[in-house]
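A short worksheet on the structure shown next.
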Amino acid sequence: MRYETIVAENGALHIYRDVYERGTNTLENAKSILKVYGVDYSKLTEQEKSELSVALDEMNRDAKGNAISTDTIPPSKDGVPASKIARSEKGKVTSTVKGEKEAQVIIAALQGKGYPSPVALDAGTN
Numbered sequence: 009m010r011y012e013t014i015v016a017e018n019g020a021l022h023i024y025r026d027v028y029e030r031g032t033n034t035l036e037n038a039k040s041i042l043k044v045y046g047v048d049y050s051k052l053t054e055q056e057k058s059e060l061s062v063a064l065d066e067m068n069r070d071a072k073g074n075a076i077s078t079d080t081i082p083p084s085k086d087g088v089p090a091s092k093i094a095r096s097e098k099g100k101v102t103s104t105v106k107g108e109k110e111a112q113v114i115i116a117a118l119q120g121k122g123y124p125s126p127v128a129l130d131a132g133t134n
């Protein structure tokens, strides 16, 4: 199973909450996603760079709304993140998350690139 928190979709970067607190919502990861689609970060407009920075900061937060520090993430053991081991020992389950769960940044150079938009998406509101 993949754990992607930054996804290019039809002209925009969708940045999702890092619910496993792995520190994946970084500028370096966003640049690598842009590069996959042939978009150079340095050629983005100042507004696009600013919006991307704000979105990354908002989505790189834990369930309580605190920023996730990438330098304090403990190393994994046998491929299992240390945070998952600690949670299983505590038995703590996060049922609510403070703040938004997704941010979208429109990037002109991504138009027509990335995953296509969903067709007839049932949002479960009926």
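Residue numbers (the numbering used here): 9 to 134.
Cβ coordinates follow ideal geometry from the N, Cα and C atoms, glycine included.
Straight-line spacing of the CA atoms in Val-62 and Pro-124 works out to 24 angstroms.
Taking all protein chains in view, the Cβ of Val-44 is surrounded by fewer than 16 other Cβ atoms within 10 Å, so the residue is classified as exposed. The bridge partners DSSP lists for Gln-55 come to none. Secondary structure of Tyr-49 (DSSP, three-state): helix. Pairing Ala-71 with Asp-130, the inter-Cα distance amounts to about 26 angstroms.
Take the alpha-carbon of Glu-17 and the one of Pro-126: they are about 10 angstroms apart.
In the DSSP secondary-structure assignment, Ile-114 is bridged to Ala-20.
Counting every other CB atom within 10 Å of its CB across the protein chains shown gives Leu-21 a total of 16 or more, marking it as buried. Taking C-beta separations shorter than 6 angstroms and ignoring five residues to either side along the sequence, the partners of Tyr-49 in its chain run Lys-39 and Leu-42, following chain order. Where Ser-40 is concerned, the enclosing alpha helix (DSSP H) starts and stops at 35 to 44.
DSSP places Ala-128 outside both helix and strand once states are collapsed to three, so it counts as coil.
Closest option to Ala-117, judged by alpha-carbon separation, among Lys-57, Ile-23, Tyr-28 and Asn-33: Lys-57.
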